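S.K.: Right, I'll just put the structure down here and ask away after.
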Amino acid sequence: MKRYSAFAVAREALRYQTGWERAWRKPEPKKKYDVIIVGAGGHGLATAYYLGKNFGITNVAVIEKGWLGGGNTGRNTTIIRSNYLQDPSAAIYEKARSLYETLSQDLNYNIMFSPRGVMMLAQTEHEVRGYQRTAHANNLQGVETKFIGPSEVKRLCPIIELKGPRYPVLGALWQSRAGTARHDAVAWGYARACSDMGMDIIQQCAVTAIRQEGGKVQGVTTTKGEIDCDKLGIVVAGHSGVLAEMAGFRLPIESVALQALVSEPIKPCMDVVVMANTVHGYMSQSDKGEMVIGGGADGYNNYTQRGSFHHVEETVRALVETFPMISRLKMLRWWGGIVDMTGDRSPILSKTPLDGCFINCGWGTGGFKAIPGSGWGMAELIAKGHSPLTAEFGLDRFREGRFIDESVAAGVAH
Ligand SMILES: Cc1cc2nc3c(=O)[nH]c(=O)nc-3n(C[C@H](O)[C@H](O)[C@H](O)COP(=O)(O)OP(=O)(O)OC[C@H]3O[C@@H](n4cnc5c(N)ncnc54)[C@H](O)[C@@H]3O)c2cc1C
């Protein structure tokens, strides 16, 4: 595949854009692969990419029932940070954040990583203590964060109202190398690199059954026929419970809709990401100028990929308290994605009771930021049967009570 470069852009401008190749092939499925990954979201594609890049395993298919990146990967609000409390979480999220720093160069695809800084506002005494504790933990983990006071918050983000009608801003947990990236581009960049390595990305092809013999995975049945494999990775976010049932085991997961919305574009007014978890809303400004706003998850299980009025109302109400200047903005569109939540709000990257079958799920409301680190660890787990990055995130932790409690870092925040 030809490399993207400034020279290529100039060359194509001169020949009326006639020389570009398709970014990825559209292959028909082969009879058998070494590894099949179900789900062409960011996590599935990154897993395939690092299987090829780090372990030379390229006889791989990524099977997607819709279009690649059309699940949560293309629906999220793109916040990237690694300021989690527990050591295993900090390790995998920081690995991901550091891979994001050079991902555009690595993939030869501009994923528009913007380390503009993320602040999580503390608006109660309880939050102040919680975030101070997280800052200390992060410093021990080698993750650079600090607790800042209200005047520094105002300096970094002048449009914040510090007093608030009810919850004053008492400070914030600040991570200066956190930020955002273009979510579709992350999926597209990995897909292009996988296709370039000879992997098959098969879209519009749903997995309808998982075939097994003697407790070992044999392959999958799909809407395009049966496909065999030696190893299978299930990476389907909100549909993890459905696929696990096909494989014959149950997951401690709930699937719920999570929503977001964007405003009309306005001139640049905010160059950091702000999360206000007490009033529950968060906001950043996209390169187009739209204010990108994240809302809450539904309180009941469902598989709905649409938004609803009551969440929009609650979220906007919360943000108007924090940023009064947005009160007259028009909202352009809103949507939902199906997120997969575990009880301890930490992901599952694990072997399963079915030999040769692995699962990556449970990223809940915050897995976009983890994509490169998760793909790195999952590829190692599939290739070698063990990875230091995923070791603590096994399914066995629910049986053994070894929870990785991230409900403060991940419960409402993304
Ligand atoms: C509104 C919203 C805001 C969010 N904001 C953030 C944020 O700011 N920061 C952050 O870090 N995270 C955020 N997240 C979470 C993040 O988007 C997800 O954790 C992450 O994208 C999950 O990626 P994935 O690859 O696991 O899943 P997905 O991108 O959902 O991919 C799974 C794929 O599996 C496919 N699939 C399902 N069933 C089958 C089948 N039977 N056969 C074949 N394919 C199948 C689906 O079609 C889908 O494409 C947000 C999520 C939402 C919904």
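Convert by adding 4 to the 1-based position in the sequence shown; the result is the number in my numbering. We put the CB at the ideal spot given by N, CA and C, even for glycine. None of these values were measured; they are calculated from a predicted model.
Taking the alpha carbon of residue 169 as the point to measure from, which residue in 207, 153, 283 and 44 has its own alpha carbon closest?
M.R.: When each option's Cα is compared against that of residue 169, the closest is 283.
S.K.: One question on the structure: do residue 362 and residue 237 come within less than 8 Å of each other, judged by their Cβ atoms?
M.R.: Taking 8 Å as the Cβ cut-off, residue 362 and residue 237 qualify as a contacting pair.
S.K.: Apply the 10 Å Cβ neighbour rule to residue 384 and answer buried if 16 or more other Cβ atoms are within range, or exposed otherwise.
M.R.: Buried is the call here.
S.K.: Please go through the same chain and pick out, in chain order, the residues whose beta-carbon is closer than 6 Å to the beta-carbon of residue 174, but skip the five residues on each side of it.
M.R.: 126 and 132, listed in sequence order.
S.K.: Considering residue 136, what are the terminal residues of the alpha helix (DSSP H) in which it resides?
M.R.: 129-145 is the extent of the alpha helix (DSSP H) around residue 136.
S.K.: Is the beta carbon of residue 393 sitting closer than 8 Å to the one on residue 194?
M.R.: Not closer than 8 Å, so no.
S.K.: Look up residue 378 in the DSSP assignment and say whether it is helix, strand or coil.
M.R.: Correct three-state label for residue 378: helix.
S.K.: Rounded to the nearest angstrom, what separates residue 343 and residue 304 at their Cα positions?
M.R.: Going by the C-alpha atoms only, they are around 12 Å apart.
S.K.: Flag this pair as touching only if the segment 369-385 and the segment 100-109 have three or more C-beta atom pairs under 8 Å; answer yes or no.
M.R.: In short, these stretches touch, since the Cβ pair count reaches three.
S.K.: Quick one: using the 10 Å Cβ neighbour count with 16 as the cut-off for buried, is residue 69 buried or exposed?
M.R.: Looking at its Cβ environment, which holds 16 or more other Cβ atoms inside 10 Å, residue 69 is buried.
S.K.: Taking just the CA atoms, how far does residue 172 sit from residue 166?
M.R.: Rounded to the nearest angstrom, the two C-alpha atoms are 6 Å apart.
S.K.: Compute the distance between the beta-carbons of residue 204 and residue 57, then report whether it is under 8 Å.
M.R.: Not a contact, by the Cβ cut-off of 8 Å.
S.K.: Looking at the structure shown, is residue 37 part of a helix, part of a strand, or coil, going by DSSP?
M.R.: DSSP places residue 37 in strand when its eight states are reduced to three.
S.K.: Just confirm the distance between the C-beta atoms of residue 207 and residue 399, as a whole number of angstroms; I'd bet it's less than 8 Å.
M.R.: In fact, because the Cβ distance is near 29 Å, the residues do not count as touching under 8 Å.
S.K.: For ligand 3, is there any heavy atom lying closer than 7 Å to the beta carbon of residue 77?
M.R.: What this structure holds is ligand 1, not ligand 3.
S.K.: Looking at C-alpha atoms only, which residue of 250, 301 and 55 is the closest neighbour of residue 260?
M.R.: For the residues 250, 301 and 55, the minimum Cα distance to residue 260 belongs to 301.
S.K.: Using the three-state DSSP reduction, which class does residue 260 fall into: helix, strand or coil?
M.R.: If DSSP states are grouped into helix, strand and coil, residue 260 belongs with the strands.
S.K.: Under 7 Å: does the beta carbon of residue 243 sit that close to some heavy atom of ligand 1?
M.R.: For ligand 1, at least one heavy atom lies less than 7 Å from the Cβ of residue 243.
S.K.: Can you grab the Cα-Cα spacing for the pair residue 334 / residue 294, in whole Å?
M.R.: Distance between the alpha carbons of residue 334 and residue 294: 10 Å.
S.K.: Got a sec: does ligand 1 put a non-hydrogen atom nearer than 7 Å to the Cβ of residue 131?
M.R.: False, no ligand heavy atom lies under 7 Å from that Cβ.
S.K.: Tell me, which residues are paired with residue 286 by DSSP?
M.R.: Its beta-bridge partners are 279 and 298.
S.K.: Considering only C-alpha positions, which residue in the set 248, 289, 275 and 30 is nearest to residue 157?
M.R.: Checked all of 248, 289, 275 and 30; the closest Cα to residue 157 is 275.
S.K.: Just confirm the distance between the C-beta atoms of residue 63 and residue 37, as a whole number of angstroms; I'd bet it's less than 8 Å.
M.R.: With a Cβ gap of about 5 Å, residue 63 and residue 37 count as contacting.
S.K.: Would you call the segment 365-373 and the segment 237-248 touching, i.e. three or more CB-CB distances under 8 Å?
M.R.: Output reads yes: the segment 237-248 touches the segment 365-373.
S.K.: For the pair the segment 226-235 and the segment 345-359, tell me if three or more CB-CB distances fall below 8 Å.
M.R.: At 8 Å Cβ cutoff, the stretches do not touch.
S.K.: Using 7 Å as the cut-off, classify the Cβ of residue 380 as near or not near the heavy atoms of ligand 1, replying yes or no.
M.R.: No, the beta carbon of residue 380 sits no closer than 7 Å to any heavy atom of ligand 1.
S.K.: Give me the Cα-Cα distance between residue 85 and residue 178, rounded to the nearest whole angstrom.
M.R.: Distance between the alpha carbons of residue 85 and residue 178: 10 Å.
S.K.: Helix, strand or coil for residue 415? Go by DSSP, reduced to three states.
M.R.: In this predicted model, residue 415 has a pLDDT of only 47, less than 50, meaning its place in the structure is not dependable; the value taken from the coordinates is given anyway. Residue 415: coil per DSSP, three-state reduction.
S.K.: Which ranges would you report for the beta strand (DSSP E) in the segment 337-405 if only whole runs of at least 3 residues count?
M.R.: Entirely contained in the segment 337-405, the beta strand (DSSP E) runs reaching 3 residues are, in chain order, 352-355 and 361-365.
S.K.: Quick one: what's residue 151 bridged to in DSSP?
M.R.: Paired residues: 177.
S.K.: What ranges does the alpha helix (DSSP H) occupy inside the segment 66-115, keeping only unbroken runs of at least 4 residues that lie completely in it?
M.R.: Taking only runs of at least 4 residues, the alpha helix (DSSP H) segments lying wholly in the segment 66-115 are 91-105 and 107-111.
S.K.: Since residue 410 and residue 89 should fall inside the 8 Å C-beta cutoff, what is the C-beta to C-beta distance between them, to a whole number of angstroms?
M.R.: That belief holds up - the Cβ atoms of residue 410 and residue 89 are roughly 6 Å apart, short of 8 Å.
S.K.: Would DSSP call residue 239 helix, strand or coil?
M.R.: In the structure shown, residue 239 sits in coil (DSSP, three-state: anything other than H, G, I, E or B).
S.K.: Any heavy atom of ligand 1 closer than 7 Å to the Cβ of residue 373?
M.R.: Checking every heavy atom of ligand 1 against the Cβ of residue 373, one is found closer than 7 Å.
S.K.: From residue 47 to residue 25, what distance separates their C-alpha atoms?
M.R.: So the alpha carbons of these two residues sit roughly 25 Å apart.
S.K.: Taking residue 75 and residue 45 to be in contact with their CB atoms under 8 Å, please state how far apart those CB atoms are, rounded to whole angstroms.
M.R.: Yes, they are in contact, since the Cβ atoms of residue 75 and residue 45 sit about 5 Å apart, within 8 Å.
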